[in-house]
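K.L.:
Below is a structure I'd like to ask you about.
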């Protein structure tokens, strides 16, 4: 409402928001966590876009939705709430783009990899909570922890992400999506068939 008192149009709405989770989907309050993530990561984005749509249309602007590399990657274990929310954000963005192309309004996805945020520490906290309360995975979780830590410790330069966002805002003909910060190893991992991905996780579970 305050934005509307200062301008009658917007060139861009950029959605940057996200919650994460680390939990078993068969123990604890996993469903409540999934609902919370969907409420913020997907429905929150949809509400913002709906609220500002008239201003975007008046300005001949565009909508930019920051999803995640988790929106297109094969989901790992213990991350279902986060990955389902990001896959849903991808589906929402694709459907919205195909709707708004009739109105000449671009919808652009940005799919960043890991950057330094408070989410990193929250994953650590949720890991410890899951380990303390699990009935099934007390031996498995410490085995996969080193691989989780390896990904969490990857910190890409936020300036690179800022440049990509600026490009999405300013480009006369923006791409449908921009990816940033995903390692080559993870990109190659996505080329495996589902059974191959499952086999890798079986091997990781036996390590340590």
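Numbering (the working numbering), first residue to last: 5 to 212. Ideal placement from N, C-alpha and C gives every residue a C-beta, glycine not left out.
Please determine, among 110, 118, 131, the residue with the shortest C-alpha to C-alpha distance to residue 176.
P.N.:
Looking at the Cα atoms, 110 is the closest of the given residues.
K.L.:
State the Cα-Cα distance for the pair residue 126 and residue 158, rounded to the nearest angstrom.
P.N.:
Each residue's Cα considered, the two are about 16 Å apart.
K.L.:
Evaluate the contact criterion for the region 66 to 79 versus the region 130 to 141: three or more CB pairs, one atom per stretch, below 8 Å.
P.N.:
In short, these stretches do not touch, since the Cβ pair count stays below three.
K.L.:
DSSP three-state label for residue 34, please.
P.N.:
Correct three-state label for residue 34: helix.
K.L.:
Does residue 116 come out as helix, strand or coil in the three-state DSSP assignment?
P.N.:
In the structure shown, residue 116 sits in a strand (DSSP, three-state: E or B).
K.L.:
Rounded to a whole number of angstroms, what is the C-alpha to C-alpha distance between residue 142 and residue 43?
P.N.:
So the alpha carbons of these two residues sit roughly 30 Å apart.
K.L.:
Do the region 95 to 103 and the region 77 to 87 meet, that is, are 3 or more Cβ pairs less than 8 Å apart?
P.N.:
Verdict: no, contact absent.
K.L.:
Which word fits residue 204, buried or exposed, when buried means at least 16 other C-beta atoms lie within 10 angstroms of its C-beta?
P.N.:
Per the 10 Å Cβ criterion, exposed.
K.L.:
Tell me, which residues are paired with residue 70 by DSSP?
P.N.:
Its beta-bridge partners are 114.
K.L.:
Let me confirm a value: residue 108 is counted as buried when at least 16 other C-beta atoms fall within 10 Å, else exposed. Which label applies?
P.N.:
Residue 108 comes out exposed.
K.L.:
Keeping to the same chain, check which residues put their C-beta closer than 6 Å to that of residue 13; ignore five residues upstream and five downstream.
P.N.:
Excluding positions up to five away in sequence, the list reads 59, 62, 63.
K.L.:
Going by DSSP, what residues sit across from residue 182 in a beta bridge?
P.N.:
Its beta-bridge partners are 114.
K.L.:
Using the C-alpha atoms, what's the distance from residue 31 back to residue 184?
P.N.:
So the alpha carbons of these two residues sit roughly 33 Å apart.
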